[in-house]
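Residue numbers for the sequence shown follow my numbering, beginning at 1 and rising by one.
Using N, Cα and C, we set each Cβ at its ideal position, and we do this for glycine too.
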Amino acid sequence: MSEKETKEKHRKLKIQIRPAAYFAMVAMLFFAVGFVVNDIYFTGNVVSEMPGKIDKNIVASDVLGIINKNMQLRGSPNTASLVSVVEESGLYKITISIGGQEIPVYATQDGKYYIDAAYPIDEIKKQLDAASAAQSPETPKKDRPEAHVFVMSLCPFGLQFLKAYIPVIELLGDKADLQVNFVHYAMHGKKEIDENTRMYCVEKEERDKFTQYLRCFVESGNGEDCLNKTGIDATKIQTCMQETDEQFNITGLYNDKSTWSNGRYPPYLVNADLTSLYGVRGSPTFVINDKVVKVARSAEAIKDAICSAFTEPPEECNRTLREDPESPGLGPVGSGTSPSGDSQCK
Numbered sequence: 001m002s003e004k005e006t007k008e009k010h011r012k013l014k015i016q017i018r019p020a021a022y023f024a025m026v027a028m029l030f031f032a033v034g035f036v037v038n039d040i041y042f043t044g045n046v047v048s049e050m051p052g053k054i055d056k057n058i059v060a061s062d063v064l065g066i067i068n069k070n071m072q073l074r075g076s077p078n079t080a081s082l083v084s085v086v087e088e089s090g091l092y093k094i095t096i097s098i099g100g101q102e103i104p105v106y107a108t109q110d111g112k113y114y115i116d117a118a119y120p121i122d123e124i125k126k127q128l129d130a131a132s133a134a135q136s137p138e139t140p141k142k143d144r145p146e147a148h149v150f151v152m153s154l155c156p157f158g159l160q161f162l163k164a165y166i167p168v169i170e171l172l173g174d175k176a177d178l179q180v181n182f183v184h185y186a187m188h189g190k191k192e193i194d195e196n197t198r199m200y201c202v203e204k205e206e207r208d209k210f211t212q213y214l215r216c217f218v219e220s221g222n223g224e225d226c227l228n229k230t231g232i233d234a235t236k237i238q239t240c241m242q243e244t245d246e247q248f249n250i251t252g253l254y255n256d257k258s259t260w261s262n263g264r265y266p267p268y269l270v271n272a273d274l275t276s277l278y279g280v281r282g283s284p285t286f287v288i289n290d291k292v293v294k295v296a297r298s299a300e301a302i303k304d305a306i307c308s309a310f311t312e313p314p315e316e317c318n319r320t321l322r323e324d325p326e327s328p329g330l331g332p333v334g335s336g337t338s339p340s341g342d343s344q345c346k
């Protein structure tokens, strides 16, 4: 077979790579060739001590011997045969046939290193960019954006998000509808359920003092004390909490363990209509203009995400907020330095 015919054959055999399937394909080739022996991958086997460039046929013969030896050790009934060997991108591309399937493998031209697979970098970049774009299409824009963060009030990651969210509410609260909502179950006991309801009522009854209350709570974790410190009418909030409890049967569901998720987590249904609408599955979950989005847990990242959802961003969007992610759990706003992460309570 001429070299031209060989190249034409390889063009016909070229595999189209899909984003999710590429590495699965490589894994299947590993299995077919039998490169795994006692959990050791042959990623750099010395096949010759000869210095400099070695004839491609000699290198191909050495690689073929390695493959067949490993299949023998694995008890495989198959035998690999050589189809072709050509120079490609500074390597030898060695095409072998196992059970009627042609598989490309590679080796350095000095014959020292065997390479089980070559990953086409440009193609992988294109596929990853396409996958990223498909997963994160642009957030819809509105004249007045609407944002919801769904949390459990004692979830450390929910608290982390709230600490970053508070400065954004303070900056953009007059320009956008920025809300705090609650996941439809609680993971941190009756204390969390009570605080969820208290927070819900402060947001509902004392909206102008809600951010002050949030800032106090995420730092201290003492809701009752924060009512006093922020000058909120505790009696009004208590009345709201009782009415909310009755409306959503909060205590009744807590006492009836047959309603608990997996027998462990009581339902909390104050915002169940929204959690169902957006498919909320953990704390925190962030929604902008009816789209679930993922952002770093820093004030600047959250501000940028909301500002990108304005049809015409207001002047406040030009202000730079703190770029460092907040730390999980209770603590001062603006003191975190830990990596943002995307952990949730769920």
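Inset, instruction - With a threshold of 16 other CB atoms inside 10 Å of the CB of residue 350, please say whether the residue is buried or exposed. - result: Lying outside 1 to 346, the shown extent of the chain, residue 350 is not represented and no answer is given.
Legend entry - Backbone secondary structure at residue 296 - three-state DSSP: Annotated three-state conformation of residue 296 is coil, per DSSP.
Legend entry - Where the alpha helix (DSSP H) through residue 178 begins and ends: Run containing residue 178: none in the alpha helix (DSSP H); it sits in the beta strand (DSSP E), 177-182.
Legend entry - For residue 91, the first and last residue of its enclosing beta strand (DSSP E): Residues 91-98.
Legend entry - Element boundaries [alpha helix (DSSP H), containing residue 224]: 223-229
Legend entry - Neighbourhood of residue 334 by C-beta, 6 Å cutoff - its chain only, sequence neighbours within 5 removed: 322
Inset, instruction - Find the nearest neighbour of residue 264 within the set 190, 147 and 65, judged by alpha-carbon distance. - result: 190
Inset, instruction - Check the DSSP bridge columns for residue 106 and list the partner residues they point to. - result: 93 and 115
Legend entry - Inside the segment 227-284 only - alpha helix (DSSP H) runs reaching at least 4 residues: 234-248, 250-255 and 272-278
Legend entry - For residue 160, the three-state DSSP class (helix, strand or coil): helix
Inset, instruction - Say whether the segment 151-159 touches the segment 307-321, bearing in mind that this needs 3 or more beta-carbon pairs closer than 8 Å, one atom from each stretch. - result: Not touching, per the Cβ criterion.
Legend entry - Host beta strand (DSSP E) of residue 308 (start-end): From DSSP, residue 308 is part of no beta strand (DSSP E); its letter is neither H nor E.
Legend entry - residue 60: first and last residue of the uninterrupted alpha helix (DSSP H) it sits in: 56-73
Legend entry - Extent of the continuous beta strand (DSSP E) to which residue 87 belongs: 81-88
Inset, instruction - Confirm, please, whether the CB-CB distance from residue 210 to residue 203 is below 8 Å. - result: yes
Inset, instruction - May I ask which residues mark the beginning and end of the alpha helix (DSSP H) holding residue 138? - result: Counting along the chain, residue 138 falls outside any alpha helix (DSSP H), and DSSP gives it neither H nor E.
Inset, instruction - Taking only the alpha-carbon atoms, compute the straight-line gap between residue 83 and residue 120 and give it to the nearest angstrom. - result: Answer to the nearest angstrom: the Cα atoms are 21 Å apart.
Inset, instruction - Within its chain, find whatever has a CB closer than 6 Å to the CB of residue 24; leave out the 5 residues flanking it on each side and keep chain order. - result: Reliability of the predicted coordinates at residue 24 is poor, the pLDDT of 42 falling under 50, and the value obtained from them is presented with this limitation in mind. Excluding positions up to five away in sequence, the list is empty.
Legend entry - Among 145, 158, 54 and 113, nearest to residue 326 - alpha-carbon criterion: Selected option, being the one with the closest Cα: 158.
Inset, instruction - Assess, as a yes-or-no matter, whether the segment 89-105 is touched by the segment 51-67 under the definition of 3 or more beta carbon pairs within less than 8 Å. - result: yes
Inset, instruction - Classify residue 215 as buried or exposed, calling it buried when 16 or more other Cβ atoms lie within 10 Å of its own Cβ. - result: buried
Legend entry - Selection from 179, 80 and 188 that minimises the alpha carbon distance to residue 346: In terms of Cα proximity to residue 346, the closest of 179, 80 and 188 is 188.
Legend entry - Exposure of residue 195, with buried meaning 16 or more beta-carbon neighbours within 10 Å: buried
Legend entry - Opening and closing residue of the beta strand (DSSP E) in which residue 151 lies: Its beta strand (DSSP E) spans residues 146-151.
Inset, instruction - Determine the direct distance from the alpha carbon of residue 118 to that of residue 201, and round the result to whole angstroms. - result: 59 Å
Inset, instruction - Output the boundary residues of the alpha helix (DSSP H) element that contains residue 219. - result: 210-220
Legend entry - Cβ-Cβ distance between residue 270 and residue 278 below 8 Å: no
Legend entry - Contact belief for residue 66 with residue 111 at Cβ below 8 Å, rounded distance in angstroms: That pair is no contact at about 12 Å.
Legend entry - C-beta atoms of residue 267 and residue 184 nearer than 8 Å: yes
Inset, instruction - Use the C-beta contact count for residue 344: other C-beta atoms within 10 angstroms, 16 or more gives buried, fewer gives exposed. - result: So residue 344 ends up on the buried side.
Inset, instruction - Quickly, what does DSSP pair residue 185 with across the bridge? List them, please. - result: 267, per the DSSP bridge assignment.
Legend entry - Inter-residue CB distance, residue 140 and residue 291 (contact presumed, cutoff 8 Å): Indeed they touch by this definition, with Cβ atoms about 6 Å apart.
Inset, instruction - Assuming residue 198 and residue 237 form a contact by the criterion Cβ under 8 Å, report the distance between their Cβ atoms to the nearest whole angstrom. - result: 6 Å
Legend entry - Reference residue 108, options 87, 311 and 186, closest by Cα: 87
Inset, instruction - Put residue 317 into one of helix, strand or coil per three-state DSSP. - result: helix
Legend entry - For residue 155, three-class secondary structure by DSSP: coil
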